[in-house]
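So the structure is just underneath, and the comments pick up after that.
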Amino acid sequence: VAHVSSAARRLEDGGITNSDVPIVACSLAIQENVPLLADDRACQMVVLNYRKGARKAFGTDRLIVALEQSGAVSRDEAADAFTTLMGWRYRFILPPAWVLKTLADRFEDNPPGRQLRDVARYLHDCMRDVGLFIGIEKTSPPTSVGLRFYAEWRRTIAEFVVEVWADDRFSDESAEKLTRWAMTEFLPSVPGVMTQPQQAHVGSVYAPRMVIVDAMLRINKVGDAQRGNRALRAITDALGIDDADYLKTVTGVIDYAST
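Okay, here's the thing in structure tokens:
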């Protein structure tokens, strides 16, 4: 923040032009060895590629999370800040599951509520955005930023659903209603820039099973075993997974956990 302010002061003095501000901010962050706060993804990548390591560059979304964790803002304030960024059409934001849960709490008697529906529309817009890069990055191991973004949203929604079932304020009826909506309307659509064969495989085979896996790995948050089982069955039914596939997935998770 200090470096962006410094660049702005130089701009006011007539030292640089508007187009120079992002470049100067990146250069100052690298020169002074301090993190860069910038919402421009290009600026973030310049600093991250030059200085390896976490938290070298970040956007407002990560700042909101840090402010909530430090107690500087409440969860309600943080959730509202995230929805504001989404309303401003900031692309490729990934809120924590507790942000989604906070929005759901406001409509616990009649879920999901307007704000969660707005978040769902935002998510699907992101997945259709041609700027979502699916190609393999030269990382170790090689990964796809777009597919990782897709998978992280899927995991976040699964965690959010489990947190709803873990909250006794949500009746079984409300939790089931929210689960059906989340599994049928909220889960991320397959990135539009993928080929049709890739979309078919990810959307119809890979994604539904992984949602079950994501939920199972977090289901211990639900203190009541019967309610936890009901949560998993509600997810399975909403995804249209038959008993054979469900048992196969559950067995695979148990085998993996026991190794």
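Numbering-wise, our numbering comes out as the position in the sequence shown, counting from 1, plus 7. Just so it is clear, CB atoms sit at the ideal spot from N, CA and C, and this is done for glycine as well. In this text the structure is predicted, and so the values were computed from the model without any measurement.
CA-to-CA distance, residue j to residue i, given in whole angstroms
| i | j | result |
| --- | --- | --- |
| Leu70 | Gln233 | 38 Å |
| Gly199 | Val260 | 30 Å |
| Ala251 | Leu239 | 14 Å |
| Asp7 | Gln205 | For residue 7 there is no data in the structure shown, the boundaries of the chain being 8 and 266. |
| Thr90 | Trp160 | 16 Å |
| Thr243 | Leu74 | 36 Å |
| Arg176 | Val169 | 13 Å |
| Arg96 | Val257 | 38 Å |
| Trp172 | Val229 | 6 Å |
| Ala158 | Leu101 | 11 Å |
| Ile141 | Val152 | 6 Å |
| Gly265 | Asn236 | A small fix is needed here, since residue 265 is Ser in this sequence, not Gly. Approximately 20 Å between the Cα atoms of the pair. |
| Tyr263 | Thr150 | 23 Å |
| Lys255 | Ile248 | 11 Å |
| Asp231 | Trp188 | 23 Å |
| Tyr253 | Phe156 | 25 Å |
| His10 | Ile30 | Note on His10: pLDDT 47, under 50, position unreliable in the model; the coordinate value appears next. Approximately 11 Å between the Cα atoms of the pair. |
| Tyr57 | Ala45 | 15 Å |
| Leu92 | Leu224 | 30 Å |
| Ala241 | Ile226 | 13 Å |
| Met201 | Met134 | 10 Å |
| Tyr129 | Cys33 | 29 Å |
| Glu144 | Ile37 | 23 Å |
| Trp105 | Phe65 | 20 Å |
Cβ-Cβ distance between residue i and residue j below 9 Å
| i | j | result |
| --- | --- | --- |
| Ser77 | His131 | no |
| Phe276 | Leu123 | Any question about residue 276 goes unanswered here, given that the chain covers just 8 to 266. |
| Leu43 | Lys63 | yes |
| Met190 | Leu246 | yes |
| Asp112 | Asp179 | no |
| Leu154 | Phe99 | no |
| Thr67 | Ala88 | yes |
| Ala127 | Glu39 | no |
| Val72 | Pro103 | yes |
| Ala222 | Leu194 | no |
| Gly94 | Asp125 | yes |
Beta-ladder partner(s) of residue i, from DSSP
| i | result |
| --- | --- |
| Ala64 | Leu43 |
Closer than 9 Å to chain D by CB, residue i
| i | result |
| --- | --- |
| Gly142 | In the displayed structure, chain D is absent; only one protein chain is listed. |
Requested in this report: Check whether the segment 116 to 131 touches the segment 182 to 193, counting contact only when three or more Cβ pairs, one atom from each stretch, lie closer than 8 Å.
Outcome: The segment 116 to 131 vs the segment 182 to 193: in contact.
**Report entry** Those runs of the alpha helix (DSSP H) which lie wholly inside the segment 126 to 193 and span at least 4 residues
**Finding:** Taking only runs of at least 4 residues, the alpha helix (DSSP H) segments lying wholly in the segment 126 to 193 are 152 to 173 and 179 to 188.
Query - Three-pair Cβ contact test at 8 Å for the segment 213 to 227 versus the segment 153 to 170 - result: Judged by Cβ distances under 8 Å, the segment 213 to 227 makes contact with the segment 153 to 170, as three or more pairs qualify.
Requested in this report: Inspect the CB distances between the segment 36 to 53 and the segment 82 to 89 and report whether three or more fall short of 8 Å.
Outcome: The segment 82 to 89 and the segment 36 to 53 do not touch, with fewer than three beta-carbon pairs separated by less than 8 Å.
Requested in this report: Could you pull out every unbroken alpha helix (DSSP H) segment of at least 4 residues lying fully inside the segment 52 to 123, listed in chain order?
Outcome: The DSSP assignment places 67 to 77, 82 to 94 and 104 to 112 as complete runs of the alpha helix (DSSP H) inside the segment 52 to 123, in order along the chain (cut-off: 4 residues).
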